[in-house]
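K.L.:
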Amino acid sequence: MAVLFFLDKNHSLAKPGFNRWLVPPAALSIHLAIGQVYALSVFKVPLTRVIGIDQSVAGDWTQIEIARIFSIAIVLLGLSAAVFGRWLENAGPRKAMFASAICFASGFFISAIGVHLHQLWLLYIGYGFIGGIGLGLGYISPVSTLIKWFPDRPGMATGLAIMGFGGGAMIGGPLAQILMTHFHSAHSVGIVEAFVVMGTIYFCFMMFGVFTVRIPEPNWKPVGWEPSARKSAMITSHNVDVETAFRTPQFWMLWVVLCMNVTAGIGIIEQASPMIQEMFKGRATPAAAAGFVGLISLFNMAGRFFWSSTSDYIGRKPTYMIFFLLGTALYIGVTFTGHQHLNSVALFVLCCLIIISMYGGGFATIPAYIRDLFGGSQVSAIHGRILTAWSVAGILGPMLVNHIRQYEINRGVPLTDAYSTVLYTMAGLLLIGFVANTLIHPLNAKYIHEEQSGTEPVTGRPAHQ
Amino acid sequence: MVSTESQKSSHSAKSLILVAWLFVGVPLAWGIYQTGHQSMGLFRATSSAVTPTTMPH
Numbered sequence: 001m002a003v004l005f006f007l008d009k010n011h012s013l014a015k016p017g018f019n020r021w022l023v024p025p026a027a028l029s030i031h032l033a034i035g036q037v038y039a040l041s042v043f044k045v046p047l048t049r050v051i052g053i054d055q056s057v058a059g060d061w062t063q064i065e066i067a068r069i070f071s072i073a074i075v076l077l078g079l080s081a082a083v084f085g086r087w088l089e090n091a092g093p094r095k096a097m098f099a100s101a102i103c104f105a106s107g108f109f110i111s112a113i114g115v116h117l118h119q120l121w122l123l124y125i126g127y128g129f130i131g132g133i134g135l136g137l138g139y140i141s142p143v144s145t146l147i148k149w150f151p152d153r154p155g156m157a158t159g160l161a162i163m164g165f166g167g168g169a170m171i172g173g174p175l176a177q178i179l180m181t182h183f184h185s186a187h188s189v190g191i192v193e194a195f196v197v198m199g200t201i202y203f204c205f206m207m208f209g210v211f212t213v214r215i216p217e218p219n220w221k222p223v224g225w226e227p228s229a230r231k232s233a234m235i236t237s238h239n240v241d242v243e244t245a246f247r248t249p250q251f252w253m254l255w256v257v258l259c260m261n262v263t264a265g266i267g268i269i270e271q272a273s274p275m276i277q278e279m280f281k282g283r284a285t286p287a288a289a290a291g292f293v294g295l296i297s298l299f300n301m302a303g304r305f306f307w308s309s310t311s312d313y314i315g316r317k318p319t320y321m322i323f324f325l326l327g328t329a330l331y332i333g334v335t336f337t338g339h340q341h342l343n344s345v346a347l348f349v350l351c352c353l354i355i356i357s358m359y360g361g362g363f364a365t366i367p368a369y370i371r372d373l374f375g376g377s378q379v380s381a382i383h384g385r386i387l388t389a390w391s392v393a394g395i396l397g398p399m400l401v402n403h404i405r406q407y408e409i410n411r412g413v414p415l416t417d418a419y420s421t422v423l424y425t426m427a428g429l430l431l432i433g434f435v436a437n438t439l440i441h442p443l444n445a446k447y448i449h450e451e452q453s454g455t456e457p458v459t460g461r462p463a464h465q
Numbered sequence: 001m002v003s004t005e006s007q008k009s010s011h012s013a014k015s016l017i018l019v020a021w022l023f024v025g026v027p028l029a030w031g032i033y034q035t036g037h038q039s040m041g042l043f044r045a046t047s048s049a050v051t052p053t054t055m056p057h
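Those sequence lines, one after another, are chains A and B.
Following our numbering, the numbering of the first sequence begins with 1 at its first residue and continues without gaps.
Following our numbering, the numbering of the second sequence begins with 1 at its first residue and continues without gaps.
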């Protein structure tokens, strides 16, 4: 119980002299861990060989059955972020990070039992359901805190954390492969042991974030920084409650903005490997495609930090305008890189990498956009609800790409050209996002609760910058 | 005496920040190295591939 007492919001209040640059590593430790979900596919083939070891045999799980684990986890990420966002604001980041670590690690341990007993439902419940709740809680837990510590650079601060989610797959993928190779034997594919070790490592890693995170005193601000210095009509000085925000058109426009940006980006990510091989048949080998997928991961991560930091200087709305207009031009441009026009693998790769950087940037910039429109007091709660757009996009994006591509092939379009309609559709989605972003205006005064105003004089002691 | 104590405190805070960033930075750098290494496959494979003399059909 003493530990739970330590997790209370009051006990995570920063003491005078606390340096705010300790908070981003705390947030990163959570996001780098839960970002492992993007590397879940490395378990896909070994999970189909739990009985046969070297090959799939009768009774082994199929890839379709295994793919459901990822789907359940991502859906639960969005749902738990939406459901627990408000609780998080009251409970504080430390308790939420702890709950996230418990859920995420338990997901691994329950899944290990599931593999050992060869009971797939335990993997659905373990990694999918419980682990998915850990993903949602972990994803939103540091956002509000970072924004409070970095009111001068909220985009950069949240970009740093959300960059970790993109980087998590880069650690989780190779780590899983090393562990499975190490524990592989004539009687085991090594997944049970790998799950147990990963659950333990990630739990300890996330505990670093739990013990390091601190919240600033109310209305704390960096020494020498004045909010009025960067005053803009799009940045409110008030705070709006999550329930009120939920009723505003701005909330739903933001939801559409995120949904369209993610749907279009997922289209590329999901089909990256087959797309480059089919559009450049004979030139792009499977090894080149694997390299392309690796570059996509790097640009997805880097874009999160680059674009969200850029948004601190040019504003959130112009940043998304760039995403949607440049993205539309690039998607159309990609269709001209194929063999019938420019036949340039390099241009194809360049266009896709810029698109992916903006996909990551869209994720990372949304918390700062929320803060600008609704104030900083309930960013995590509002962010949690907007993340349901991710769940929808996670289903919509791959479905659109696969169905349109198959439709084109069925009506006799050559494989090398089957992606043109897909790419035009993605460009169209970005234009919808552009319209939604254009319609985002400062909040109407009727939604602003004066009693929650964050404009009172600063009373907190300054901490180190 | 006070300034020595505050200097010590400042040094320990900086050391703490360095350790914290290394704690998350080292695994991330390892992951980036692994991914970067994998990405090299794109350049090796495309540079070694023979450019077709005729347009593929």
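From the three backbone atoms N, C-alpha and C, an ideal C-beta is built for every residue, glycine too.
1) Under 7 Å Cβ-Cβ, which residues of chain A neighbour Ser15 (chain B)?
2) Among residues of its own chain, excluding the 5 on either side of Leu123 (chain A), which ones have a beta-carbon nearer than 6 Å to its beta-carbon?
3) So is Leu179 (chain A) in contact with chain B if we call contact Cβ pairs under 9 Å?
4) Under the DSSP definition of a beta bridge, which residues are partnered with Leu13 (chain A)?
5) For Gly166 (chain A), I'd like the list of residues in its chain whose CB is within less than 6 Å of its CB, leaving aside the five on either flank, ordered along the chain.
6) Quick check on DSSP: helix, strand or coil for Asn343 (chain A)?
7) Can you pull the chain A residues whose beta carbon is under 7 Å from the beta carbon of Val24 (chain B), in chain order?
8) Just curious, the alpha helix (DSSP H) that Asp312 (chain A) is in, first and last residue?
9) Hey, is the region 402 to 416 of chain A in contact with the region 374 to 385 of chain A, meaning 3+ C-beta pairs nearer than 8 Å?
10) Leu18 (chain B) versus chain A: which residues are under 7 Å apart at the beta carbon?
11) By DSSP's criteria, Asn239 (chain A) is part of a beta bridge. Which residues make up the other side?
12) Go ahead and label Thr158 (chain A) buried or exposed: buried means 16 or more other beta carbons lie within 10 angstroms of its beta carbon, across all protein chains shown.
13) List the whole-angstrom C-beta distance separating Leu386 (chain A) from Ile366 (chain A), where the pair is believed to meet the contact cut-off of C-beta under 8 Å.
14) What is the DSSP secondary structure of Asn444 (chain A), reduced to helix, strand or coil?
15) Counting Cβ pairs closer than 8 Å, one from the region 123 to 138 of chain A and one from the region 222 to 241 of chain A, do we hit at least three?
16) What is the residue span of the alpha helix (DSSP H) that Lys281 (chain A) lies within?
17) Is the Cβ of Phe208 (chain A) closer than 9 Å to any Cβ of chain B?
18) With 16 as the cutoff for other CB atoms within 10 Å, does Ile314 (chain A) come out buried or exposed?
19) Given Leu326 (chain A), which residues of its chain have a CB within under 6 Å of its CB, disregarding the five upstream and five downstream residues?
20) For Arg316 (chain A), which residues from the same chain have a beta carbon less than 8 Å from its beta carbon, with the 5 sequence-adjacent residues on both sides left out?
21) Considering only the beta carbon of each residue, do Ala58 (chain A) and Lys44 (chain A) sit closer than 9 Å?
22) Mind checking if Pro367 (chain A) is an interface residue toward chain B, Cβ cutoff 9 Å exclusive?
23) With a cut-off of 8 Å on the beta carbons, I'd call Ser28 (chain B) and Leu32 (chain A) a contact; round off their distance for me.
24) Report the rounded CA-to-CA distance for Ala264 (chain A) versus His11 (chain A), giving the unit in angstroms.
25) Starting from Lys44 (chain A), trace the alpha helix (DSSP H) in both directions and tell me its first and last residue.
26) Quick one: list the residues of chain B neighbouring Pro222 (chain A), beta-carbon separation under 7 Å, in chain order.
27) Would you mind telling me which residues of chain B sit closer than 7 Å to Asn19 (chain A), beta carbon to beta carbon, in chain order?
28) Rounded to the nearest angstrom, what separates Ser80 (chain A) and Gly136 (chain A) at their Cα positions?
29) Is the shortest distance between the beta-carbon of Ser472 (chain A) and the beta-carbons of chain B less than 9 Å?
30) Which residue's Cα is closest to the Cα of Phe246 (chain A): A:Thr48, A:Leu22, A:His383, A:Leu429?
31) Between Thr212 (chain A) and chain B, is there a C-beta pair that is closer than 9 Å?
32) Give the secondary structure of Glu226 (chain A) by DSSP, where H, G and I count as helix, E and B as strand, and everything else as coil.
33) By the criterion of Cβ-Cβ separation under 9 Å, what are the contact partners of Ile268 (chain A) in chain B?
34) Does the beta carbon of Ser297 (chain A) come closer than 9 Å to any beta carbon on chain B?
35) Please confirm whether Gly92 (chain A) has its beta-carbon closer than 9 Å to some beta-carbon of chain B.
P.N.:
In this structure, then:
1) Residues of chain A passing the Cβ test: none, with the nearest at roughly 11 Å.
2) Ile69, Ser111, Gly114
3) no
4) A:Ile215
5) Asn300, Met301, Arg304, Gly360
6) coil
7) Pro25, Leu28, Ser29, Leu32
8) 286 to 314
9) no
10) Simply none; closest approach about 10 Å.
11) None; Asn239 (chain A) has no bridge partner.
12) buried
13) Per the sequence shown, residue 386 (chain A) should be read as Ile rather than Leu. The pair is a contact, with the Cβ atoms about 6 Å apart (cut-off 8 Å).
14) coil
15) no
16) Element bounds for Lys281 (chain A): n/a, residue is neither H nor E.
17) yes
18) exposed
19) none
20) Gly155, Met234, Thr365, Ala368, Tyr369, Asp372
21) no
22) no
23) Checking the sequence shown, residue 28 (chain B) turns out to be Leu, not Ser. Right, their Cβ atoms sit about 6 Å apart.
24) 42 Å
25) 44 to 47
26) Ordered by position in chain B, no residue passes the 7 Å Cβ test against Pro222 (chain A), which lies about 16 Å from the chain.
27) Ala13, Ile17
28) 5 Å
29) Outside the displayed span of chain A (1 to 465) sits residue 472 (chain A), for which this structure offers no information.
30) A:His383
31) yes
32) coil
33) Correct list: empty, because the minimum Cβ distance to chain B is about 15 Å.
34) yes
35) no
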